[in-house]
Amino acid sequence: MFRLAGIQNPGNVLRHSFCSYHVAKHKDAARTAVILCHANPRMLYQHYKGRATAADATKYFQILPSR
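With positions in the sequence shown counted from 1, the corresponding number in the numbering used here is that position plus 577.
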């Protein structure tokens with residue numbers, strides 16, 4: 578996808594975006610940690626809390642492929 582768009586892949590950007598927006602939307606780092614197979618939700622809060630707003634998260638999770 579990145580190659581086709583001519584964008585250099587910054588590595589794990591989709592995973593990091595998901596994590597940031599999931600924590601912002603659900604306010605539940607433990608739940609996000611389970612989804613990402615992390616053992617400790619503390620790291621999620623340290624790295625991702627406050628990186629996105631709940632409103633941004635709502636918009637992010639509405640992104641769908643075109644039909």
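Heads up, the beta-carbon is just placed ideally off N, CA and C, and yes, glycines get one too.
As the structure is a computational prediction, the values presented were derived from the model and not from experiment.
Sequence ranges, alpha helix (DSSP H) only - wholly within the stretch 607-633, length at least 4: When DSSP assignments are scanned along the stretch 607-633, the uninterrupted stretches of alpha helix (DSSP H) that are 4 or more residues long and fall wholly within it turn out to be 618-625.
CB contact flag (residue 622, residue 596, <8 Å): Taking 8 Å as the Cβ cut-off, residue 622 and residue 596 do not qualify as a contacting pair.
Close beta carbons around residue 599, own chain, < 6 Å, minus the five adjacent residues each side: Correct list, in chain order: 609.
Residue 629, buried or exposed, once every other Cβ within 10 Å from all chains shown has been counted against 16: With 16 or more other Cβ atoms within 10 Å, it is buried.
Beta-carbon proximity check, residue 618 vs residue 606, cutoff 8 Å: The criterion of a C-beta distance shorter than 8 Å is satisfied by residue 618 and residue 606.
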